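To start, the structure under review is shown below, and the notes come after it.
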Amino acid sequence: MSREDYEIVIGLEVHSELSTKTKIFCSCPTEFGGDPNTHCCPVCMAMPGTLPVLNEKVVEYAIKAGLATNCKIADISKNDRKNYFYPDLPKAYQISQYDMPLCEHGYIEIEVDGEKKKIGLTRIHIEEDAGKLNHDDYGRGSLVDLNRAGVPLIEIVSEPDLRSSEEVDLYLKKLKSILEYIEVSDCKMQEGSLRADVNVSVRKKGVSEFGTRTEMKNMNSFRSIVRAIDYEAERQIEVLEEGGKIDQETLRWDDVSGKTFPMRDKEDAQDYRYFPDPDLVTIRISEEMKENIRKSLPEMPESRKKRYIEEYNLPEYDSNILTSSKYFSDLFEGATKICNNPKAVSNWIMTDIIKELNEKELEPSDIPFKSDELGNLVVLIDKGTISSSIAKKVLQEMFENPRDPQKIIEEKGWIQISDEGAIKEVVLKILEANPQSVVDFKAGKDKALGFLVGQAMKETKGKANPQMLNKMFLEELKK
Ligand code: ADP
Ligand code: ZN
Ligand code: MG
């Protein structure tokens, strides 16, 4: 037997912080950061005698997420207490949802090797986030920061339908993109706004029962998740091949060593002693509320993709990339409105902008300039005010210190030289300095022209209008 004889099975529990202004059961701000314990009140600090009040926006956002992922929305739902002790959870229970979640039976579609595959969603429920422990670097103790306590979360639980780390990567990217499109979460992974518990098991191909799973908690980088799954599946196969058995346990993934380590035995639902929270009322969702939320959903990527192909005449390849993120899509639409040149905008996003993001390890949401500014950049190129090589430099500036491209080229003196007299002066100078190229060109070596234009560009620091240069060199060479 070898690893090809095994099938990997993965199910994810994804936690996403909702971008409501206030917390789930009090009116403290949800804003990330801040001095420790400054975004708290007696409710989220769990003072005795305080009472939670459910934030309606949280219900609305969760339903939005449910509708965007093809879930059935409950008519009646409730909150339950999940009891466990941890120092960052001062109530000693988390308010979550047990057997009556807001959304159930949905799916997300991914495309694996050109084929569409539906990944089932068991449920989406709402719950409160816990605080954070800051561990002292010198081992003298830990300090509790409750700013995050009570920040609303949705937990999106998938069926064990995923079969490889690649599918998981596609699923997570799709899910993140959906949550961004419907604007319920900023999905900033480095701030922990999107994190996943990753359940992995293996079984021999052809066997219908699932194997015993292990769970890696709180992972917040796509790259680590992929590595962790590949490592953990391999480890399980090795254990089984040596005749061992897998313990159902919670593991910790260590990114530095690239290994998983046991953290604790897995607890069962019964260990949490779930029961309905007596401080909160039943949640009733009317048909009218569902309908209003459905109507408020923005245009989703599939429909945008179609529109880009039909309305803007873009290749499917472009449309796929542009709609892969709401931020690309909005940038594209905004810039195109300004310059009316969809293909040019698409090219800028697909090449220079994506390259810049990759180099700086930024996400589409981090693009610092506005869509109008990108639109204006394309206008400047189309009008011949700047060459495309200058435009690349302008884009760099827009990343470093975002401002209107017109302002940038004025400040930097990058306006294209399109004055005939000035161009002619440069052409004559370059011809005089490169007599060999003139001879070469006359002997039929067309490449010499390119060289001369290049020299003229260098001379003018990229500011000469290339079409005019070309034309004038030809005129002079043919004399
Ligand atoms: P818990 O909250 O106790 O972790 P669940 O039983 O609801 O409980 O499962 C959580 C996640 O584990 C789900 O995403 C599910 O798809 C996944 N899962 C369940 N069984 C397996 C398995 N054998 N292999 C991989 N994933 C699994
Ligand atoms: Zn509070
Ligand atoms: Mg779990």
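Heads up: the sequence shown runs through residues 0 to 478, numbered per numbering that gives the first Met the number 0.
For every residue, glycine included, the Cβ atom is placed at its ideal position computed from N, Cα and C.
Just so you know, these numbers come straight off a predicted model, no measurement behind them.
In the structure shown, Leu11 falls within a strand segment according to DSSP collapsed to helix, strand and coil.
Phe209 has its alpha-carbon roughly 43 Å from the corresponding atom of Pro28.
Lys81 sits close to Tyr273, with the two beta carbons spaced by under 8 Å.
Counted as a single uninterrupted DSSP element, the alpha helix (DSSP H) harbouring Glu179 occupies residues 164 to 180.
A Cβ-Cβ separation of about 12 Å leaves Ser417 out of contact with Met471 under the 8 Å criterion. In the three-state scheme derived from DSSP, where H, G and I count as helix and E and B as strand, Met215 is classed as strand. By alpha-carbon distance to Lys258, the top candidate from Ile224, Lys289, Glu165 is Ile224.
Judged by their CB atoms, Ile75 and Ile62 are not nearer to each other than the 8 Å cut-off. Look at the stretch 398 to 473 and you find these whole runs of alpha helix (DSSP H), each 4 residues long or longer: 404 to 411, 419 to 432, 434 to 441, 446 to 458. For Ser207, the shortest C-beta to heavy atom distance toward the ligand ADP is 7 Å or greater.
Linking Ser436 to Gly443 through their CA atoms gives a straight-line distance of about 11 Å. When the beta-carbon positions are compared, Phe24 and Pro47 stay at least 8 Å from each other. With 16 or more neighbouring CB atoms inside 10 Å of its own CB, Leu178 falls in the buried class.
Look at the stretch 51 to 90 and you find these whole runs of alpha helix (DSSP H), each 4 residues long or longer: 55 to 67.
Per the Cβ contact rule, the stretch 282 to 298 is not in contact with the stretch 229 to 237 (fewer than 3 Cβ pairs under 8 Å). Looking from the CA of Asp253, the closest CA among Pro261, Asp246, Gln247 belongs to Pro261. Remark: C-beta atoms of Leu120 and Ser157 approach each other more closely than 8 Å. Taking every protein chain shown into account, the CB of Phe327 has 16 or more other CB atoms within 10 angstroms, so this residue is buried.
Scanning Leu321, Gln395, Ser295, Leu448 for the CA closest to the CA of Ala67 turns up Ser295. Within the DSSP secondary-structure output, Asn375 pairs in no beta bridge.
For the options Asp276, Asp351, Leu321, the alpha carbon positioned closest to that of Ser95 is the one of Asp276. Counting only residues of its own chain and dropping the five nearest sequence neighbours on each side, Arg122 has a CB closer than 6 Å to the CB of Pro100, Glu103, Val156.
In this structure Gly105 is buried. Its beta-carbon is surrounded by 16 or more other beta-carbon atoms within 10 angstroms.
Cβ neighbours of Glu166 within its own chain (closer than 8 Å, five residues either side excluded): Ile9, Ile109, Val111, Lys116, Ile118.
By DSSP's assignment, Lys258 forms a beta bridge with Asp253. When the five nearest sequence neighbours on each side are left out, the beta carbons in the same chain lying within less than 6 Å of the beta carbon of Leu169 are those of Ile109, in order along the chain. With contacts defined as CB atoms closer than 8 Å, Leu279 and Pro151 fail to qualify as a contacting pair. Residue range 151 to 157 is occupied by the beta strand (DSSP E) that includes Pro151. For Tyr307, the uninterrupted alpha helix (DSSP H) segment begins and ends at 300 to 310. Within 10 angstroms of the beta-carbon of Thr335 lie 16 or more other beta-carbons, which makes it buried. Shown here for Cys338: same chain residues with a beta carbon closer than 6 Å to its own, the five before and five after excluded, namely Gly374, Val377, Val378 in chain order.
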